[in-house]
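Asker:
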Amino acid sequence: MRIEDKLYLVGYNVDEEGSHLGVSDPEACKKCQGRPCTYVCPASVYSYDEEEQKLSINYDACVECGTCRIACDYITWRYPRGGFGVAYKFG
Amino acid sequence: MRKKDFDVIIVGAGPAGLAAGYVLAKAKVNVAIIERGTFPGSKNVMGGIFYRKALDDLIPEFYKEAPLERHIIEQKMWFISEDSVFSTGIKSEKFNKEPYNCFSVFRAKFDKWFAQKVQEAGALIINETVVKDPIIENGKVVGIRTDRPDGDLYCDCVIAADGVNSFLAKSLGLREKITPNKVAVAVKEIIGLPENVINDRFGVSSDSDGVTIEITGPYFEGMESMGFIYTNKNSLSIGVGTIIEDLIEHKVNPNDLIEKFKTHPAIAPLIAGGETKEYLAHMIPEGGYYTVPKLYTDGLMVAGDAAMLVNSVHREGSNLAIESGKLAARTYLEAKDKNDFSAKALSAYQAKMEESFVLKDLKMYRNLPHLLEEKRYLLTKYPQLIIDSMYSIYNVDGVSKPDKIKNIKDKVKKEFGYWNLAKDMFTLWRKLG
């Protein structure tokens with residue numbers, strides 16, 4: 384099953400006002416070896432845009448596990464605003 | 044006198060925070076629990092096994108009314124390679140009698156129910172609110188700052204039960220930075236199947252009897268991964284947790300891993316025909332005893348996952364969380380009698396925890412995380428040896444049994460060396476007890 388199809392099953396209350404995820408130093412991404420954020424994230428939130436030479440962050444798919452912030456020190460991570468983000472049905 | 048909104052503010056409505064809230068509310072303490080989700084449980088995830096004892100002490104016979112799936116009568120451990128399984132475990136009618144040992148649960152439903160009980164006991168639960176920072180005055184925690192307008196709240200004491208990502212424990216310097224070798228990320232799917240299909244496939248006679256399977260071995264190619272399958276009433280919880288450092292080094296995506304796991308020849312038939320209902324991910328603090336932070340400071344105590352309280356050997360966590368929340372609350376009640384919420388007064392919490400099964404259990408396994416980190420082959424080479432040896436002995440192919448035993452011995456000698464084998468066994472025996 385593709386991750387896109389799985390994430391379709393997850394309930395979200397997306398905060399349209401902006402991302403709770405970011406990168407403190409975009410230059411670091413350019414030099415980063417292997418870019419672990421692009422594969423360790425269970426929701427595939429991160430991808431690297433080679434043309435633009437920057438990290439693309441699909442924050443509305445985030446399941447708020449925190450794996451990316453453990454894997455990379457440059458990722459700025461905070462909780463979505465109260466009431467926003469992932470909302471599990473089963474848990 | 045300083046403004047005071049509550050006697051105690053608890054951050055996080057998971058098992059640790061709710062247990063603390065329950066004890067305090069029952070003791071008529073003015074307590075608030077701050078939860079960032081739309082309701083308690085909406086962001087809470089675990090594999091799905093809840094042990095009765097810690098909560099039964101608080102709410103006797105809770106299991107008769109709580110939303111539980113199945114009580115577990117069989118627990119299995121599988122070691123898997125590409126094409127084989129070595130299985131061990133325990134099934135007992137003793138597990139099939141009230142008050143039961145453990146249950147499969149859905150945390151979004153269970154925590155919601157638990158929160159209801161805590162509310163009925165008199166606690167205030169404030170949902171949809173993120174705690175940004177502790178408020179510190181004269182070196183003492185005196186409240187919390189939330190993301191609500193005018194969201195500063197003051198209290199005598201804060202209990203940080205804000206989960207594995209605990210920014211509170213971190214910002215107060217109680218917790219060291221978590222490194223990728225000390226924490227796992229688990230992904231899970233809820234796969235719907237009819238009750239009778241689950242009963243047949245797992246060999247149980249009713250939809251209240253459940254089975255758990257923990258799964259590791261060479262199939263995970265040297266990563267410290269633990270898979271699991273738990274039976275719910277009309278679904279299965281299936282997942283894989285892996286140390287994040289291993290995912291990074293092996294360049295593996297957790298969803299790709301669970302997809303591969305689901306195709307294993309022993310697992311595919313168990314989930315065949317099922318429909319995925321939800322996909323979840325959560326971090327598990329696996330570092331054990333040595334990563335447990337100092338549990339208190341002036342005006343604050345830390346409980347549950349925020350304090351890294353997970354016994355990964357026995358996949359226990361929520362019961363440790365409940366016990367810690369309970370003990371933090373009792374420490375507060377003692378501190379209240381003397382109106383002293385200093386670090387010195389709250390250090391009684393640390394002492395209570397050292398005395399409880401929580402830190403005693405973690406202490407017993409304190410060297411295991413490091414051992415497994417150093418010797419990943421314990422999870423791959425030995426299970427592979429057992430699988431190969433058993434296959435050889437069970438496979439009738441004209442080779443005599445004495446020759447088969449000799450071949451196994453030769454293989455052990457060549458691949459491990461008797462001395463190394465003895466050393467590993469001794470180390471394991473010592474570090475497990």
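Protein chains in written order, with our numbering: chain A, 384 to 474; chain B, 44 to 476. All C-beta atoms in this analysis are idealised placements derived from N, C-alpha and C, irrespective of residue type, glycine included.
1) Residue 202(B) and residue 396(B) - do their beta-carbons sit closer together than 7 Å?
2) Tell me the rounded alpha-carbon separation between residue 400(A) and residue 75(B).
3) Does any CB atom of chain A fall closer than 7 Å to the CB of residue 325(B)?
4) Tell me which same chain residues have a C-beta within less than 8 Å of the C-beta of residue 171(B), skipping the five on either side of it?
5) Note down the Cα distance separating residue 436(A) from residue 413(A), rounded to an integer number of angstroms.
6) Please determine if the region 264 to 279 of chain B and the region 88 to 98 of chain B are in contact, where contact requires at least 3 C-beta pairs separated by less than 8 Å.
7) Starting from residue 325(B), trace the beta strand (DSSP E) both ways and give me its first and last residue.
8) Looking at the C-beta of residue 411(A), does it have a partner C-beta in chain B at a distance below 7 Å?
9) Between the C-alpha atoms of residue 439(A) and residue 432(A), what's the straight-line distance to the nearest angstrom?
10) Would you please verify whether the beta carbon of residue 150(B) is less than 7 Å from any beta carbon of chain A?
11) Just the C-alpha distance for residue 297(B) and residue 422(A), rounded to the nearest angstrom, thanks.
12) Please classify residue 436(B) as buried or exposed, where buried requires at least 16 neighbouring CB atoms within 10 angstroms.
13) Check for me: the beta strand (DSSP E) holding residue 437(A) runs from which residue to which?
14) Go through its chain and collect everything with a Cβ distance to residue 48(B)'s Cβ below 7 Å, but skip five positions before and after it.
15) In chain B, which residues lie with their C-beta within 7 Å of the C-beta of residue 438(A)?
16) Which first and last residues belong to the alpha helix (DSSP H) in which residue 198(B) is found?
17) Please list, in chain order, the chain A residues whose beta carbon lies closer than 9 Å to that of residue 190(B).
18) With 16 other CB atoms within 10 Å as the buried threshold, where does residue 347(B) fall?
19) Opposite residue 116(B) in the DSSP bridges: which residues?
20) Locate the alpha helix (DSSP H) running through residue 432(B), then write down its first and last residues.
21) Three-state secondary structure (DSSP) at residue 358(B)?
22) Give the residues from the region 131 to 147 of chain B that approach chain A closer than 7 Å (Cβ to any Cβ), ordered along the chain.
23) When the cut-off is 7 Å and only beta carbons count, does residue 474(A) lie next to chain B?
24) Which residue marks the beginning of the beta strand (DSSP E) containing residue 430(A), and which one marks its end?
25) Counting only beta-carbon atoms, is residue 404(A) nearer than 7 Å to chain B?
Answerer: With the given structure in hand:
1) no
2) 28 Å
3) yes
4) 78, 79, 80 and 81
5) 7 Å
6) yes
7) 318 to 328
8) no
9) 6 Å
10) yes
11) 8 Å
12) exposed
13) 437 to 440
14) 196, 197 and 198
15) What residue 438(A) touches in chain B: nothing, since even the nearest Cβ is about 16 Å away.
16) No alpha helix (DSSP H) holds residue 198(B); the beta strand (DSSP E) holding it covers 195 to 203.
17) 462, 464 and 465
18) buried
19) Paired residues: none, contrary to the question.
20) 424 to 437
21) coil
22) none
23) yes
24) 429 to 432
25) no
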